[in-house]
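For the sequence shown, this note's numbering gives the first residue as 959, with consecutive numbering after it.
Even for Gly, the Cβ is constructed at its ideal location relative to N, Cα and C.
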Amino acid sequence: MKHRGRHRRRRRGAALRAVLTGTALALTAAATLISASQAEVGEGPGALKPLASPADTGPLRLQEHLVPARTLDRLATAMGRPVGVDEVLRNADRGLRESADCPSGDRASLPVAPSAARAYCWDPADTASDAWRPASVTTSGDADDDGVWGTHRVVLAGWTHSTTAGRPAERGLARVAIVDADDPAQLAYRWALLVVPVDGGRDYRGLASGISGMVWYENKLLVTTTAGSADALYVYDLDRIQRTTVDGPAIGRVPGGWSADGYRYVLPAVGSYRFTAGRCAAAGPPCPGALALDRGTAPDSLVAAEWTAPDGDRHGRLWRYAFSTDPARPGLLATDARGRADAVEAYRTRATGIRGVLSYRKPGADGPSWYVGRLPGSQDGHGGLWRQDTAGAKAARCGADASDRCWARDAGSLSYWQATGEVWSLSDRMLFALPLADLDRAVD
């Protein structure tokens, strides 16, 4: 079971302040500003329109499907005792490099405004090709309100493999980088492959789905699924990480043990959520594209943004579900007696191509502000970052023509670390963080 440490570790204040003000990031932002200033100013997404009628909120209803305990226990008996995050961190075998040590092409993917305070590039072995791409991020700041999991500060980054490029065995799979973030100057990580138990726990298959959004809450990791999937979200248990025993290309049970295409660790799904109205569609349920945690609601809530094409005419929806407060259901959504989860708040936005979402209520504010990170209509170059509410929308601007294409290139999801006041996100090449206060100043 899980073992959250409630004591706060002493902050490495001096080390943090040193990396928060790296000159390499400032130089990168200045260089990128030249190209960003040449971009056209895009149309704003306008004010949020509340959705309250059953016709609007009904398509957002989810049905919970939990994997039977006997299935998970059978798999654990066959594979060996599950391990937790601590073991994976002890066996981290790759490192992230600080921005100053990263290639200039990687640094060019960082936001122009607001600029990143800290940034890291991945091990070169993971960026040698574009077959695997990062898209989602969550942290121990989501998992526990003190920001620490056990005794560690942890970042999780979700990557998805192309369905056409690279080795056929990997196509469409999803993996998570489990990152030791205790020392901000020396991040290390190890991969875990996401899998789904089959045959009553006698085997597993790879999760063949994109994970554009994910949230780590208590001991559960919730991830989005690819458009067209029958399931909207998959659920994983960070206390049920399993070790493989065979280093081979297969995924699942093999002669002599268990394999996962060379990965040492796998995360078996413990449940999923499916829209009761069917698969995501233009006139029905949305295709979830980004997720985030909001600790400013009672109870805490999961916020989601609909994925729509950045150059299309279909506008997105933003909505939230409450998390369960039942101690027997840690990290799961609040459901009724039939296992259904209803959206407790929903909006229509004119934004398209949303890749990141946050909801945050400022002290004294009447309602929450919603932050959305968007891909550009051309799907090329830097995207935009907007703050919306029911009164209007504002964007981070940069360049001589006040372009709104100032956010990261191919930006991924957003995650707010309440204990530190930081927002974490990623580009197609870099993992980065910046204070939420800087984000707000950029759009004021």
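- If you draw a 10 Å sphere on the C-beta of Pro-1213, you find fewer than 16 other C-beta atoms in it, and that means exposed.
- Counting other Cβ atoms within 10 Å of its Cβ, Gln-1144 stays below 16 and is therefore classed as exposed.
- Between Leu-1009 and Ala-1304, the C-beta spacing is below 7 angstroms.
- DSSP, read as helix, strand or coil, puts Thr-1182 in strand.
- Residue range 1090–1097 is occupied by the beta strand (DSSP E) that includes Thr-1097, with no alpha helix (DSSP H) assigned at that position.
- Looking at the backbone, the Cα of Asp-1347 and that of Gly-1325 are separated by about 8 angstroms.
- By the 16-neighbour rule on beta-carbons within 10 angstroms, Thr-1184 is buried.
- In the DSSP annotation of this structure, the continuous segment of the alpha helix (DSSP H) that includes Ala-1034 starts and ends at 1027–1037.
- In this structure, the CA atom of Leu-1024 is about 26 angstroms from the CA atom of Val-1112.
- For Ala-1280 against Val-1302, the beta-carbon gap comes to about 5 angstroms, under 8 angstroms, which counts as contact.
- A distance below 7 angstroms between beta-carbons, with the five flanking residues on each side excluded, links Ala-1050 to the following residues of its chain, in chain order: Asp-1138, Ala-1146, Tyr-1147, Arg-1148.
- For Gly-1270, same chain residues with a beta-carbon under 7 angstroms away, outside a window of 5 residues either side, are Thr-1310 in chain order.
- Of the residues Gly-1289, Gly-1158, Arg-1222, the one whose Cα lies closest to the Cα of Val-1193 is Gly-1289.
- In this structure, the CA atom of Asp-1362 is about 5 angstroms from the CA atom of Arg-1355.
- Our two residues, Thr-1035 and Asp-1044, have alpha carbons roughly 21 angstroms apart in a direct line.
- Distances from the alpha-carbon of Val-1134 to those of Ala-1188, Asp-1100, Val-1095 put Val-1095 closest.
- In the three-state reduction of the DSSP assignment, Leu-1397 falls in the helix class, which pools H, G and I.
- If you look at Val-1046, you'll find it isn't in any beta strand (DSSP E); it sits in the alpha helix (DSSP H) that goes 1043–1048.
- In the DSSP annotation of this structure, the continuous segment of the alpha helix (DSSP H) that includes Pro-1082 starts and ends at 1082–1085.
- Here the segment 1055–1073 makes contact with the segment 1374–1394; the two share three or more CB pairs at distances below 8 angstroms.
- Listed in chain order, the beta strand (DSSP E) elements of length 3 or more contained wholly in the segment 1135–1214 are 1146–1156, 1161–1164, 1172–1175, 1178–1182, 1191–1195, 1209–1212.
- Distance from the Cα of Leu-1394 is smallest, within the candidate group Asp-1402, Gly-1379, Gly-1016, for Gly-1379.
- Note that the segment 1166–1175 does not touch the segment 1222–1241; fewer than 3 beta-carbon pairs, one per stretch, sit closer than 8 angstroms.
- Cα atoms of Ser-1073 and Arg-1211: separation of roughly 46 angstroms, rounded to the nearest angstrom.
- Rounded to whole angstroms, the gap between the alpha carbons of Thr-1029 and Val-1154 is 11 angstroms.
- Setting aside the 5 residues that flank it on each side, His-1119 is surrounded in the same chain by Ala-1089, Trp-1090, Glu-1128, Arg-1129, Gly-1130, Leu-1131, each with a C-beta closer than 7 angstroms to its C-beta; the list follows chain order.
- Taking Asp-1252 as the centre and dropping the five residues before and after it, the same chain places the C-beta of Ser-1259, Val-1261, Ser-1317 closer than 6 angstroms to its C-beta, in chain order.
- Distance from the CA of Ala-1101 to the CA of Leu-1191, rounded to the nearest whole angstrom, comes to 17 angstroms.
- Judged by DSSP secondary structure, Pro-1226 falls within the beta strand (DSSP E) whose first and last residues are 1223–1233.
- Put simply, the backbone Cα of Gly-1099 is about 7 angstroms away from that of Val-1106.
- For the 7 angstroms CB-CB criterion, Arg-1332 and Arg-1306 do not form a contact.
- Taking C-beta atoms as the reference points, Gly-1215 and Val-1204 count as a pair closer than 7 angstroms.
- In the three-state scheme derived from DSSP, where H, G and I count as helix and E and B as strand, Arg-1065 is classed as helix.
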